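See structure below.
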Amino acid sequence: MSSEALLLLVLFIPFASAFFIAMNGDHPNRRELATLLASLLLLGTVLSLLPEVLAGGRPAVNLLEFIPGLPLQLRVEPLGMTFACVAALLWPLNSIYSIGYMRGNQEHHQTRFYVCFAIAIASAMGIAFSDNLLTLFIFYEVLTLSTYPLVTHKGNASAMQAGRIYLGILLSTSIGLLLLAIVWTASIAGTLDFTPGGILAGKIEGPAVAVLLALYMFGIGKAALMPFHRWLPAAMVAPTPVSALLHAVAVVKAGVFTVMKVTVYIFGIDFLSATGASQWLMWVAALTVLLASCVALTKDNLKARLAYSTVSQLGYVVLGAALATSMGVIGGSMQIAMHAMGKITLFFCAGAIYTATHKTEISQMDGLGRVMPFTFGAFLIGALSIIGLPPLGGSWSKWYLLAGTADAGQWAMMAVLLISSLLNVAYLLPVAARGFFAVGADSSHPNPPPIGKSAEEDTENSIAWTSIREAPLACVIPLCLTALGCVLLFFYVDSLYTLLAPIAGH
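The working numbering applies: residue 7 is where the sequence shown begins, and numbers increase by one.
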């Protein structure tokens, strides 16, 4: 099959699966089988494009042309290939997990959930393989609209309020800032195509470069750069598989991917380095990294803590882009993959804990690791990868980012990365430590009856604890596999580096 046909299939498979899922809403087994088959087919199709890209090929296909010079066009290049591989690899795992979670918690509107999820994946593929800013903008907006029903899935007052914040911030930034930046770019450069080395050198100069960069960076609201980050913690009212989609598979990764793609293919790192237009962006990214970590430390709700952790970790990608060095760009791009694998593990674990125990607060999780060892073991692995400790994948992205700060002579940014890692330790490791080492009310480490509670009430509490087991296998298997992925990314990072090297001119 030709590479052009494969590119069309990348969009067709998830969109077609959304239609088939909708038609089989009354048949859960068929609906979920369609989801799993589509996710596996998409993964195979995306991986089929990989050898040609590694060999230097850049397959493309023109979907349609709005007006002469403004086509809706797809093209595969290394950065987009990386994002597509991440999303395609995690969709099957998230689908298996979703089946266990949605059934285990008897969630309503499951058909709508799977339909919107498939459309979101199709949008992510469109973003990954966009050949110009117009194509990217269209799929970017489709992704926002298709994930809104997922954020508001529960339908209660808090979910609807979160949905309003979600749509309000993402649509206002994209239409008010990002679209303006795209129009400005078209007027001065005469093209919207993503071009190696950028398209703005010699077309714009002086303070206008920094202003245009600000329109892009704050207009890409999905990157959750402060102060446009509130939508991300607010969206945590959604079911955990949605949180995994938002944080690891599609939404925020689409945001930081767009940041990196605009930096590399619209501005060009040489142009940004020569003009110094991204200096201010380093400090905004650094503040996002540190402030979000500090807020995460204050959160007792596990998903809220992980949400602010994501805001902080996304700042690494923006910082890598703002450094405008080869190592910074490679480190930031690696962070997209490394963070995706680590963070989806953490959210899978949070959902498994909720499914098995209905506990959401970290203070409630004392001793749970002894009755849920696979879940808490996977959480520990994911946390260590996010922190950046070898032999886990997250250590490589931080290493290249540190190298990028050294290349740029930005010692303050190096300090930010090191301080951030210490903050990661402070807000992630206590979760696993409480689970494994704190004394809980399980049968092997019984607590005395709390003051004011009868012995009968305490006996009932102990029975409840002894009945706790791991979540259903459909939840536990994916989180074990993604934890394994954190390890494999450490040992096979050469393959990822080989794929990403061309975007930095290596």
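Glycine residues also receive a C-beta, built at the ideal position from the N, C-alpha and C atoms. Computed from a predicted model, the values in this text were never measured in an experiment.
Secondary structure at L206: coil, using DSSP grouped into helix, strand and coil.
Counting only runs of 4+ residues, no alpha helix (DSSP H) is found wholly inside the segment 338-382. Classified as buried, M371 has 16 or more neighbouring CB atoms from the shown chains inside 10 Å of its CB.
In the DSSP assignment, V324 falls within the alpha helix (DSSP H) that extends over 308-329.
Between S136 and P65, the gap from beta carbon to beta carbon reaches 8 Å or more. Residues W97, P98, S101 of the same chain have their beta carbon placed closer than 6 Å to that of S45, with the five preceding and five following residues left out of the count. Distances from the alpha-carbon of L48 to those of P34, L70, V59, F18 put F18 closest. Cβ neighbours of L487 within its own chain (closer than 7 Å, five residues either side excluded): L99. Under the rule that a run must span 4 or more residues, the alpha helix (DSSP H) segments found entirely inside the segment 233-290 read 237-240, 246-250, 257-268, 275-281.
Proximity to C91 across Y103, H114, V59, G110 peaks at V59, based on C-alpha coordinates. Apart from the 5 residues on each side of it in sequence, L183 sits with its Cβ closer than 7 Å to the Cβ of L221, F224, G225 in its chain, given in chain order. Sorting S339, A216, Y433, L78 by C-alpha distance to the C-alpha of Y406 places S339 at the top. One thing to note: L423 has its Cβ within 8 Å of the Cβ of T411. DSSP lists N138 as the beta-bridge partner residues of D199. Annotation: P77 is outside any alpha helix (DSSP H); the continuous beta strand (DSSP E) that includes it extends over 76-81. In this structure, DSSP gives A66 an extended state, which the three-state scheme calls strand. By the beta-carbon neighbour count (other beta carbons within 10 angstroms, threshold 16), I359 is buried. Across the structure, P239 and G169 are spaced so that their CA atoms are roughly 11 Å apart. Per DSSP, the beta-bridge partners of E71 are P77. Annotation for P155: R118, C122 place their beta carbon closer than 7 Å to its own, counting only its chain and skipping 5 residues before and after. Straight-line spacing of the CA atoms in S332 and G441 works out to 41 Å. Restricting attention to V258, E38, A432, the CA atom closest to the CA of D306 is found in A432. Excluding its 5 nearest sequence neighbours in each direction, M378 has C-beta neighbours in its own chain below 6 Å: E476, listed in chain order. For T150, the secondary structure class from DSSP, reduced to helix, strand or coil, is helix. With contacts defined by Cβ atoms closer than 8 Å, G375 and A414 do not form a contacting pair. With fewer than 16 other CB atoms across the displayed protein chains lying within 10 angstroms of its CB, N35 is exposed.
Distance check between T504 and each of L76, G31, P84 places P84 closest, using alpha-carbon atoms only. Our two residues, A93 and Q416, have alpha carbons roughly 32 Å apart in a direct line. Residue state for Q112 is assigned as coil, using DSSP reduced to three classes. R311 and L435 have their alpha carbons spaced roughly 12 Å apart. The segment 139-158 and the segment 276-287 do not touch, with fewer than three beta-carbon pairs separated by less than 8 Å.
With a 10 Å radius around the Cβ and a threshold of 16 neighbouring Cβ atoms, Q319 comes out buried. By the neighbour-count definition (other C-beta atoms within 10 Å, threshold 16), V445 is an exposed residue. The C-beta of G132 has 16 or more other C-beta atoms within 10 Å across all chains shown, which makes the residue buried. Residue range 163-179 is occupied by the alpha helix (DSSP H) that includes I175.
E10 sits in a helix when the DSSP states are folded into three classes.
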